[in-house]
Amino acid sequence: MNSFNEIVGHEEIIKHIKSSIKTDKVSHAYMFEGEEGIGKKCLANAFAKTLQCEEGKDEPCNSCSSCKSFDSQNHPDIKYVVATKKTGIGVDDIREQLNMDINIKPYRYRYKIYIIEEGDLVTPQAQNALLKTIEEPPGYGIIIIIAHNSSRFLPTVLSRCAILSLKPIEEEKIKSYLIEEEKLSQVKAHMYASLSRGNIGKAKIFLSSIEFEEIRNDIIYAIDCIIEENDLEILEIARKIGEFKEKSDMALDLMVTWLRDIMVIKEINDEKYIIHKDKYKTLLKHGQLLSYNRISVLMSRLEDIQKNIKVNVNYQLSLETLFF
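Under this note's numbering, think of the first position of the sequence shown as 858, with each following residue one higher.
See the structure below:
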């Protein structure tokens, strides 16, 4: 429905946005920045929908023609600026989809809103083209940029935007959402919330992934093989995990948190601090059979892999060398 009351966390930012709507002090350019999955798009969409709502309140009514048009992805005065080429959002994209269009008055509603969802793809040249409009926008024009990191933008663009930085959400809030809205058990909600590291989008990806349990079971089996010194099986399971290339972040997160749980068991053995509570007996066995030194070596190698795959080092090969 794209309403503020459906968003998990980010209370201060929502409070700020609602205040600007109530006092009619809405800026002409905004930048929502934060990591992938943190909630930037949800906030931007709720903001745009609320601004255009015919009720004129700080939450969309979800029943007026504007709200219905937005929900059906058919709003005449809320537009999304997208890349038309693989090289990113270029000068022509900004000029044709935004600069030229914004000079035409709104079709029906109060504002004309432009949302750039992939702000990180806006080239420096396109940023300069965008700057001209941000400097002198028509009174009805609002531009919302969504980006992972504002540092990629020219200082001249940033100085004219209201920058709203989204921070990690408290794990308890994500856990409550998973229990209340997704109907998960306490144990499962705790695990997904802990794995998310304050990122509601990541929690939803873990929850919806059909590969999650398969990857986790493969990791458990890999640890079993390390303990048994079964090198052939370790190599085979590493190759299998490596096949989930598009799920590399998930696999690495699961490995790190599994080893972290083993360390917790070895140090204090308090189930309260365990992420993978549903596998406590297996963790206990691994904790008894793996040395501190072996766990430390694996953790160090995992950190290296996480750094290396960001610069396109072969993920499959990295996994194969991890366990040896």
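For every residue, glycine included, the Cβ atom is placed at its ideal position computed from N, Cα and C.
Residue i and residue j closer than 7 Å at C-beta
i	j	result
residue 948	residue 886	no
residue 1030	residue 894	no
residue 1075	residue 1094	yes
residue 970	residue 946	no
residue 972	residue 888	no
residue 1146	residue 1122	no
residue 1104	residue 1023	no
residue 912	residue 923	no
residue 1116	residue 1162	no
residue 937	residue 968	no
residue 1132	residue 1051	yes
For residue j and residue i, believed in contact at Cβ under 8 Å, the rounded distance
i	j	result
residue 808	residue 904	Here the chain covers residues 858 to 1181 and nothing more, so residue 808 does not appear.
residue 966	residue 934	5 Å
residue 1091	residue 1079	6 Å
residue 1014	residue 984	5 Å
Distance between residue j and residue i (C-alpha atoms, nearest Å)
i	j	result
residue 991	residue 868	27 Å
residue 1119	residue 1143	7 Å
residue 943	residue 978	10 Å
residue 1110	residue 939	31 Å
residue 1083	residue 1124	21 Å
residue 906	residue 883	14 Å
residue 921	residue 908	12 Å
residue 866	residue 1087	46 Å
residue 1069	residue 1061	12 Å
residue 1182	residue 1064	Here the chain has residues from 858 to 1181 only, and residue 1182 is not among them.
residue 1164	residue 871	34 Å
residue 878	residue 1036	32 Å
Extent of the continuous beta strand (DSSP E) run through residue i
i	result
residue 936	935–937
residue 800	Outside the displayed span of the chain (858 to 1181) sits residue 800, for which this structure offers no information.
residue 969	969–973
residue 886	886–890
DSSP-derived helix/strand/coil call for residue i
i	result
residue 1033	helix
residue 865	coil
residue 946	strand
residue 1019	strand
residue 883	coil
residue 965	coil
residue 913	coil
Enclosing alpha helix (DSSP H) for residue i [first to last residue]
i	result
residue 1051	1043–1053
residue 905	897–909
residue 1143	1137–1146
residue 978	Run containing residue 978: none; DSSP gives neither H nor E here.
residue 1073	1069–1085
C-beta neighbour in chain B for residue i, strict 7 Å
i	result
residue 1099	Note that chain B does not occur in the displayed structure, where there is just one protein chain.
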